[in-house]
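Participant: Sharing a structure with you now.
In the working numbering, the protein residues as written are 192 to 320.
What follows is the structure, given as structure tokens:
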């Protein structure tokens, strides 16, 4: 499963449980509670217990949650902002945010009573934020 910038191995599970397992991982990644019926969680718990000990496969949903937290920490530790925000990505963000950032800057200066050389249209005056 791709998560936190790396492919992670969780184990081998029956096909019928794959989507539920992915749901658990995604909810744990987001720090949320899974939204599965009790019988579906029980089926996953049973599959966890059937996996061989020492295989690296979690033995419970609690172990899976702890594993996802470990991956989160590893992902943060290995994140390289210089590599992620390359020239193309930075240029894309700059272009995408050019108008909104300029508008925000002008409005902040106006609220500080500084002249921006920009006149607010009469229809927008007095409308607040």
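By construction, the Cβ of each residue, glycine as well, lies at the ideal position given by its N, Cα and C atoms. Quick caveat, the model's predicted, so the values are computed rather than measured.
(1) Are residue 220 and residue 259 closer than 7 Å when you measure CB to CB?
(2) Looking at the unbroken alpha helix (DSSP H) that takes in residue 266, where does it start and where does it end?
(3) Please say whether residue 235 and residue 211 have beta carbons closer to each other than 7 Å?
(4) Which class does residue 228 belong to by DSSP, given the choice of helix, strand or coil?
(5) Determine the burial state of residue 302: buried for a count of at least 16 other Cβ atoms within 10 Å of its Cβ, exposed for fewer.
(6) Grouping DSSP H, G and I as helix and E and B as strand, with all else coil, what is residue 243?
(7) Pull up the distance between the alpha-carbon of residue 246 and that of residue 277, whole angstroms please.
(8) Quick one: residues in its chain with C-beta nearer than 7 Å to the C-beta of residue 207, no 5 flanking neighbours on either side, listed in chain order?
(9) Helix, strand or coil, according to DSSP, for residue 286 in the structure here?
(10) Helix, strand or coil for residue 249 per DSSP?
(11) Report back the beta-carbon spacing between residue 242 and residue 202 to the nearest angstrom; my notes put them in contact at under 8 Å.
(12) Is the CB-CB distance between residue 204 and residue 257 below 7 Å?
(13) In the DSSP assignment, what are the bridge partners of residue 198?
Facilitator: Taking the structure as given:
(1) Less than 7 Å separates the beta-carbon of residue 220 from that of residue 259.
(2) Start and end: 252-269.
(3) Their beta carbons are under 7 Å apart, which means residue 211 touches residue 235 by this criterion.
(4) Three-state DSSP puts residue 228 in coil, outside helix and strand.
(5) Counting the other CB atoms within 10 Å of its CB gives residue 302 a total below 16, which places it among the exposed residues.
(6) Secondary structure of residue 243 (DSSP, three-state): coil.
(7) C-alpha of residue 246 to C-alpha of residue 277: approximately 38 Å in a straight line.
(8) Once the five neighbours on either side are set aside, residue 207 has no close Cβ partner at all.
(9) Residue 286: helix per DSSP, three-state reduction.
(10) Coil.
(11) About 5 Å separates the beta carbons of residue 242 and residue 202, which is inside the 8 Å limit, making them a contact pair.
(12) No.
(13) 193.
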